[in-house]
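Residue numbers (this note's numbering): 7 to 62.
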């Protein structure tokens with residue numbers, strides 16, 4: 007079966023870009039980056055579903 011959604015590496019890169027040792031982060035920033043990763047993953051899942059099950 008094909009995997010759908012973002013890969014581990016994709017999610018890692020999203021988190022790495024937003025949470026790095028050079029940045030001061032707070033709980034709001036952590037929530038924002040997690041929400042962004044979830045949204046991007048959901049978008050990728052929808053793309054993958056449309057690719058696997060194309061509609062007419």
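Just so you know, even glycine gets a beta-carbon here, dropped at the ideal spot from N, CA and C.
Asked, Found
"Cα-Cα separation, residue 15 to residue 43", "12 Å"
"Coarse secondary structure for residue 59, derived from DSSP in three states", "coil"
"C-beta contact flag for residue 25 and residue 31 at 8 Å", "yes"
"Beta-carbon proximity check, residue 10 vs residue 51, cutoff 8 Å", "yes"
"First through last residue of the alpha helix (DSSP H) which encompasses residue 15", "14 to 24"
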